[in-house]
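Peer 1: For the record, in the sequence shown the residue sitting at position 76 is 76 according to the UniProt record's numbering, with numbers rising by one throughout.
By construction, the Cβ of each residue, glycine as well, lies at the ideal position given by its N, Cα and C atoms.
Keep in mind it's a predicted model, so treat the numbers as computed, not measured.
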Amino acid sequence: MADKLPPWVRTEIDAICRKFLWVGHKQSIRGKCTVAWPVVTTPAVFGGLGVVEAQAEAFFRASITIIVGDGMRTKFWNERWLDGQSIHDIAPHLLTAVSARATKNRTVAQAMSNRAWTRGITGGLSVSAIASYLLLWDRLENTHLQPDVPDPYLMMHQGSTTFDGAKLVWKTWAPLKVKLFLWLAFKGRLPRHGLAALTMCHLCNLQQEIVHHLFVSCPFTVQVWGIILKQLRVTPAPPGDIRIQEHWKQTRLQFLATTRKGADTLFALVAWHIWKERNARLFRGDSLDHQQLLRKIKTDTDMWVAAGAKSLGSLLCE
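1. Quick test of the definition: if touching needs 3 or more C-beta pairs under 8 Å, does the segment 299-318 touch the segment 213-228?
2. In this structure, how does DSSP classify V178 when only helix, strand and coil are distinguished?
3. Below 8 Å CB to CB, which residues in the same chain sit around L145 once its five sequence neighbours on both sides are set aside?
4. Helix or strand or just coil, what does DSSP make of V234?
5. For the segment 281-291 and the segment 235-254, state whether three or more C-beta atom pairs, one from each stretch, are separated by less than 8 Å.
6. Can S311 and W225 be called in contact, C-beta distance under 8 Å?
7. Leaving out five residues on either side along the sequence, give the residues of the same chain with a beta carbon under 7 Å from the beta carbon of V211.
8. Output needed for residue 320: all residues of its chain with C-beta closer than 7 Å, excluding positions within five of it in sequence on either side, in chain order.
9. Helix, strand or coil for M303, going by three-state DSSP, please let me know.
10. Between the alpha carbons of I64 and T96, how many angstroms are there, rounded?
11. In chain order, which alpha helix (DSSP H) runs of at least 4 residues are fully inside the segment 236-305?
12. Just verifying my parser: in three-state terms, what is the DSSP assignment at Q85?
13. Report yes or no: do three or more beta-carbon pairs, one from the segment 128-145 and one from the segment 88-104, lie closer than 8 Å?
14. Spatial neighbours of R106 within its chain, please: C-beta separation below 8 Å, excluding the five flanking residues on both sides.
15. What residue does the alpha helix (DSSP H) around T103 start on, and which one ends it?
16. What do you reckon, are the CB atoms on I274 and L214 nearer than 8 Å?
17. Report yes if the CB atom of residue 319 is closer than 8 Å to the CB atom of L82, and no otherwise.
18. Is it the case that the Cβ atoms of W170 and K177 are separated by a distance below 8 Å?
19. Which residue comes first and which comes last in the alpha helix (DSSP H) that contains R139?
20. Measuring straight from C-alpha to C-alpha, what distance separates A268 and L203?
21. Of the choices E209, H88 and S99, whose alpha-carbon is the least far from that of L282?
22. So the candidates are R139, K104, V98 and E141; which of them puts its Cα closest to the Cα of S126?
23. What residues in its chain sit with their C-beta under 6 Å from that of Q207, if we drop five residues either side in the sequence?
24. With a threshold of 16 other CB atoms inside 10 Å of the CB of D164, please say whether the residue is buried or exposed.
25. Label D264 either buried or exposed according to how many other C-beta atoms from any shown protein chain fall within 10 Å of its C-beta, with 16 as the threshold for buried.
26. Q207 by DSSP, collapsed to three states: which one?
27. Could you check where the alpha helix (DSSP H) with C317 kicks off and where it finishes?
28. When the Cα atoms are used, what is the spatial distance from T235 to A309?
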């Protein structure tokens, strides 16, 4: 539990998390954090990654008693949801007989459904564990969930602005690195590796390279999307002066409702290849024409479908 750790340990844990996210190893992260850490630690719906900061978690656990609503987000075994106490506080001897997986993952809603919490208990029980079991049974018999109480973690962020595009990023089938790329693109925080903030687009060399231009209005991008959408018999949305996520939301409405999940994956795939092509031209001096890039996209499409992108496969079979 984070609240039982010394402050210096929590600080070190947060520092390790920062390094892992931005550089992946023990080098300095100075100048490499494209999004402020307080933003990263907010829930995805508010534009963060939902990474729980150890310092904030310690404060939260020490000072907050959870009022359980539907029980879908509260952990049954570890969190202080039962009259201000955790199951560890109430039945410490019983907890040693609970599987690690159940301890970590089982929510209050799951555990309370048909007394499923009893199925996580394994092995022979000591006398003290049996006593804890009976005590917990009595406590839970008089406990009822409250469906309309807000989630306590989200209550910490009430007043924050929701992130337009969170569902498109995190609910779309795509490799995690592509989801992180989309998250940064939607926030306008793609890494520039020390380059000037305003440079000419490396795909068309006609306008300054900003996120909207690169992924929405660049002639190269428009032509790539035009070919793809024509093959799918879909009319592209006009590249107006709107954010990338708003443009995609307009375009996805042109797809049948049954194929929009696949269309979201296709969007992630094409945007990823546009970004990689931009980097190839900038850093290696390599460039592909539209047809060559489309062939690479087709190759990755087949790989993604084989890896489990069923909605994308269904879209292409329409």
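Peer 2: In short, the structure shows the following:
1. With the cut-off at 8 Å, the segment 299-318 and the segment 213-228 do not touch.
2. Here residue 178 refers to the residue found at position 178 when the sequence shown is read from its first residue. V178 falls in the helix class under three-state DSSP.
3. Here the question's residue 145 lines up with position 145 in the sequence shown. Here L145 has V68, G69, D70, G71, V108, A109 and M112 as same chain residues with Cβ atoms under 8 Å from its own Cβ, once five neighbours each way along the sequence are excluded.
4. Taking the first residue of the sequence shown as position 1, residue 234 is located at position 234. It is coil, neither helix nor strand.
5. Taking 8 Å as the limit for Cβ pairs, the verdict is that the segment 235-254 does not touch the segment 281-291.
6. Indexing the sequence shown from 1 puts residue 311 at position 311. Indexing the sequence shown from 1 puts residue 225 at position 225. Going by C-beta atoms, S311 is not nearer than 8 Å to W225.
7. On the sequence shown, residue 211 is found 211 positions in, with the first residue counted as 1. Excluding residues up to 5 positions away in sequence, A185, G188, L190 and I244 lie with their Cβ nearer than 7 Å to the Cβ of V211 in the same chain.
8. Since the first residue of the chain shown is 1 and the last is 318, residue 320 is not available in this structure.
9. Along the sequence shown, read from residue 1 onward, the residue named residue 303 stands at position 303. It is helical.
10. Locating residue 64 in the sequence shown gives position 64, counting from the first residue. Locating residue 96 in the sequence shown gives position 96, counting from the first residue. Only weak support is given to the placement of I64: the predicted model assigns it a pLDDT of 48, under 50, and the value that follows is read from those uncertain coordinates. Roughly 25 Å separates the two Cα atoms.
11. Note on the segment 236-305: whole alpha helix (DSSP H) runs with a minimum of 4 residues are 244-252 and 260-279, in chain order.
12. Position 85 of the sequence shown holds residue 85. Strand.
13. Verdict: yes, contact present.
14. What you label residue 106 is simply residue 106 of the sequence shown in a count that begins at 1. If we look at R106 and ignore the five residues flanking it on each side, its Cβ neighbours are K75, F76, W77, A116, W117 and G120.
15. Reading the sequence shown from its first residue, position 103 is the one you call residue 103. T103 -> alpha helix (DSSP H) spans A100 to N105.
16. Indexing the sequence shown from 1 puts residue 274 at position 274. Indexing the sequence shown from 1 puts residue 214 at position 214. By the CB criterion at 8 Å, I274 and L214 fall inside the cutoff.
17. A query on residue 319 cannot be resolved here, the shown segment of the chain reaching from 1 to 318 and no further.
18. Against the sequence shown, residue 170 aligns to sequence position 170. Against the sequence shown, residue 177 aligns to sequence position 177. Contact flag unset, no.
19. On the sequence shown, position 139 is the one that residue 139 refers to. Its alpha helix (DSSP H) spans residues V127 to E141.
20. If you number the sequence shown from 1, residue 268 lands on position 268. If you number the sequence shown from 1, residue 203 lands on position 203. CA-to-CA, the gap between A268 and L203 works out to about 18 Å.
21. By 1-based counting over the sequence shown, the position of residue 282 is 282. Nearest to L282 by C-alpha distance, out of E209, H88 and S99, is E209.
22. Taking the first residue of the sequence shown as 1, we reach residue 126 at position 126. Considering only R139, K104, V98 and E141, the residue with the shortest C-alpha distance to S126 is V98.
23. In the sequence shown, the residue the question calls residue 207 occupies position 207. Around Q207: C201 and H213.
24. Within the sequence shown, numbered from 1, the residue matching residue 164 stands at position 164. Per the 10 Å Cβ criterion, exposed.
25. For the purposes of this step, residue 264 is taken as the residue at position 264 of the sequence shown. Label assigned to D264: buried.
26. Along the sequence shown, one-based indexing puts residue 207 at 207. Coil, per DSSP.
27. As a first step, residue 317 is located in the sequence shown; it is residue number 317 there, counting from the start. Element bounds for C317: K310 to C317.
28. Within the sequence shown, the letter at position 235 stands for residue 235. Within the sequence shown, the letter at position 309 stands for residue 309. The C-alpha of T235 lies about 23 Å from the C-alpha of A309.
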